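Going down the list, the sequences are from chains A and B.
Going by the numbering used here, the first sequence opens with residue 1, and the numbers climb by one from there.
Going by the numbering used here, the second sequence opens with residue 1, and the numbers climb by one from there.
There are 2 protein chains.
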Amino acid sequence: MSRTSRAKNAFTEPPEELIPRVLWHLGRLPGIGPKSAERMLHFLMDAPSTEVLGLADSLRELKERIHRCRQCCAPTEEAICSLCRDPKRDPSIICVVEHPRDLAVIDRAGRFRGHYHVLYGRISPLDGITPEQLTIDHLIDRIRQGTVKEVILATNPTLEGDGTSLYLSSVLGSFGTKITRLARGLPAGSSLEFANSQMLADALEGRREF
Amino acid sequence: MSRTSRAKNAFTEPPEELIPRVLWHLGRLPGIGPKSAERMLHFLMDAPSTEVLGLADSLRELKERIHRCRQCCAPTEEAICSLCRDPKRDPSIICVVEHPRDLAVIDRAGRFRGHYHVLYGRISPLDGITPEQLTIDHLIDRIRQGTVKEVILATNPTLEGDGTSLYLSSVLGSFGTKITRLARGLPAGSSLEFANSQMLADALEGRREF
Numbered sequence: 001m002s003r004t005s006r007a008k009n010a011f012t013e014p015p016e017e018l019i020p021r022v023l024w025h026l027g028r029l030p031g032i033g034p035k036s037a038e039r040m041l042h043f044l045m046d047a048p049s050t051e052v053l054g055l056a057d058s059l060r061e062l063k064e065r066i067h068r069c070r071q072c073c074a075p076t077e078e079a080i081c082s083l084c085r086d087p088k089r090d091p092s093i094i095c096v097v098e099h100p101r102d103l104a105v106i107d108r109a110g111r112f113r114g115h116y117h118v119l120y121g122r123i124s125p126l127d128g129i130t131p132e133q134l135t136i137d138h139l140i141d142r143i144r145q146g147t148v149k150e151v152i153l154a155t156n157p158t159l160e161g162d163g164t165s166l167y168l169s170s171v172l173g174s175f176g177t178k179i180t181r182l183a184r185g186l187p188a189g190s191s192l193e194f195a196n197s198q199m200l201a202d203a204l205e206g207r208r209e210f
Numbered sequence: 001m002s003r004t005s006r007a008k009n010a011f012t013e014p015p016e017e018l019i020p021r022v023l024w025h026l027g028r029l030p031g032i033g034p035k036s037a038e039r040m041l042h043f044l045m046d047a048p049s050t051e052v053l054g055l056a057d058s059l060r061e062l063k064e065r066i067h068r069c070r071q072c073c074a075p076t077e078e079a080i081c082s083l084c085r086d087p088k089r090d091p092s093i094i095c096v097v098e099h100p101r102d103l104a105v106i107d108r109a110g111r112f113r114g115h116y117h118v119l120y121g122r123i124s125p126l127d128g129i130t131p132e133q134l135t136i137d138h139l140i141d142r143i144r145q146g147t148v149k150e151v152i153l154a155t156n157p158t159l160e161g162d163g164t165s166l167y168l169s170s171v172l173g174s175f176g177t178k179i180t181r182l183a184r185g186l187p188a189g190s191s192l193e194f195a196n197s198q199m200l201a202d203a204l205e206g207r208r209e210f
């Protein structure tokens with residue numbers, strides 16, 4: 001989604017005039033088309049100054065204060081993020097995700113209490129994204145330190161996500177660390193009726209004894 | 001819509017911490033729930049600094065440079081807005097709307113070439129909005145000058161919009177200016193099947209000879 005949004009007007013410059021410029025910027029946000037952008041513009045014109053300036057300032061601070069955690073590369077205000085500093089979390093298991101938002105989703109589920117590693121993308125030759133542009137070298141450095149017992153590859157269940165996991169498993173294989181990937185099958189709460197052939201194939205292939 | 005959005009957390013203060021603060025501000029925008037806000041946050045964290053700072057600056061400028069046109073009250077950067085300054089537009093017809101977004105909608109349709117007047121709301125005793133809080137006094141001043149031949153009341157076709165028009169027609173009636181309101185009936189392109197009883201009543205009442 002964010003890729004399509006970015007592509008919306010990737011090669012254009014923001015307009016000079018103020019109102020078209022606000023609309024242009026709002027329209028680049030993910031999921032915001034021209035109509036939503038206009039609705040937001042009118043909301044912002046009506047809203048109290050403190051509120052709009054608060055939004056503007058928080059966005060500015062976001063770019064000025066947030067950088068990558070030195071350990072897991074997740075966005076943070078500190079040198080080392082709160083997840084990596086949490087003494088209750090197990091540093092010997094690393095869950096590798098494509099994006100910070102994937103980390104947020106997994107962590108909110110509350111079932112994983114290890115550390116993370118954010119790749120910032122997936123290998124995608126068609127988009128010109130090579131392994132060097134991701135944080136793979138940094139992940140290798142972390143594993144080379146010898147304290148990591150298991151790496152869980154939690155890339156997205158897509159062609160490119162799978163390709164990235166395959167690449168990682170071959171690169172990390174030489175360190176003797178256990179490498180796993182997330183299970184694939186039927187999504188809980190769904191109905192067989194709506195399962196596509198790939199979901200069914202995964203569910204059959206990964207079947208387990210009762 | 002903007003009213004509901006504003007009501008979301010009208011009595012809370014923005015959080016101290018940066019990330020929750022950005023989410024809080026984004027979540028106040030119309031049509032943006034917690035999930036969309038999080039998607040935007042991650043988009044903004046990924047986006048180049050220039051882009052996010054461009055958005056922040058345009059929002060700041062919006063509050064600093066936009067004020068109400070001295071004549072029609074529409075938001076503008078100048079003392080008098082471009083619509084009021086346009087010599088091709090007819091200043092003897094004023095179209096009265098609730099919000100700047102209504103003005104934009106009507107003007108985009110391209111069928112009205114007169115001037116506008118923005119009320120900034122509608123009379124709503126339940127929400128504590130009285131005629132004094134709208135720009136009605138200013139509208140009376142404009143009509144008192146004697147150059148206005150017709151006032152088109154283009155408030156929304158709702159209970160409160162109709163009430164506001166009724167109030168305006170009684171207040172403005174004494175100036176001898178022609179006062180009209182927008183026609184009501186079936187929306188073009190719709191189907192009778194989906195017309196509700198009020199739409200049908202309006203269509204019957206307003207029927208015209210062939």
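All C-beta atoms in this analysis are idealised placements derived from N, C-alpha and C, irrespective of residue type, glycine included.
Owing to the predicted nature of the structure, the values given are computational and were not obtained by experimental measurement.
Around the Cβ of residue i, are there at least 16 other Cβ atoms within 10 angstroms (buried) or fewer (exposed)?
i: Thr158(B); result: exposed
i: Pro20(A); result: exposed
i: Gln198(B); result: exposed
i: Arg70(A); result: exposed
i: Thr4(B); result: In this predicted model, Thr4(B) has a pLDDT of only 43, less than 50, meaning its place in the structure is not dependable enough to derive any value.
i: Thr155(B); result: buried
i: Ala47(B); result: buried
i: Gly173(A); result: exposed
i: Arg208(B); result: exposed
i: Leu212(A); result: One cannot answer for residue 212(A) here, as it falls past the ends of chain A, which runs 1 to 210.
i: Glu64(A); result: exposed
i: Leu126(B); result: exposed
i: Leu200(A); result: exposed
i: Ala7(B); result: Caution is warranted here: a pLDDT of 48 is assigned to Ala7(B), below 50, making its placement in the model unreliable, and the coordinate value is therefore given only provisionally. Exposed is the call here.
i: Glu98(A); result: buried
i: Arg108(A); result: exposed
i: Arg142(A); result: buried
i: Gly146(A); result: exposed
From the DSSP output, which residues share a beta bridge with residue i?
i: Tyr120(B); result: According to DSSP, which records beta bridges pairwise, Tyr120(B) is partnered with nothing at all.
i: Arg86(B); result: In the sequence under discussion, the amino acid at residue 86(B) is Asp, which differs from the Arg named in the question. None; Asp86(B) has no bridge partner.
i: His115(B); result: Ile94(B)
i: His67(B); result: Thr76(B)
Can you check whether the CB of residue j is closer than 8 angstroms to the CB of residue i?
i: Thr135(A); j: Val118(A); result: yes
i: Arg101(A); j: Glu77(B); result: no
i: Arg184(B); j: Asp202(B); result: yes
i: Leu59(A); j: Leu55(B); result: yes
i: Thr103(B); j: Ala74(B); result: A small correction: the amino acid at residue 103(B) is Leu; Thr does not occupy that position in the sequence shown. Yes, the pair counts as a contact, with Cβ atoms nearer than the cut-off.
i: Thr177(B); j: Arg122(B); result: no
i: Tyr212(A); j: Ile94(A); result: Outside the shown range of chain A, which is 1 to 210, sits residue 212(A), and nothing can be said about it.
i: Ile179(B); j: Val151(B); result: yes
i: Leu44(B); j: Phe43(A); result: no
i: Leu204(A); j: Ala195(A); result: no
i: Phe112(A); j: Arg144(A); result: no
i: Pro14(A); j: His25(A); result: yes
i: Ser215(A); j: Gly27(B); result: Not covered by the structure: residue 215(A). The range shown for chain A is 1 to 210.
Could you tell me how far apart the beta carbons of residue i and residue j are, in whole angstroms, since I believe they sit closer than 8 angstroms?
i: Leu41(A); j: Leu23(A); result: 6 angstroms
i: Val96(A); j: Leu168(A); result: 7 angstroms
i: Glu160(A); j: Ser190(A); result: Contact doesn't hold; Cβ gap of about 23 angstroms is too wide.
i: Asp90(A); j: Gly114(A); result: 5 angstroms
So within the region 125-206 of chain B, which uninterrupted alpha helix (DSSP H) runs reach at least 4 residues, ignoring any that extend past its ends? 136-144, 159-172, 197-205
Identify every run of the alpha helix (DSSP H) within the region 38-65 of chain B, keeping only runs that are complete inside it and at least 4 residues long; order them along the chain. 49-65
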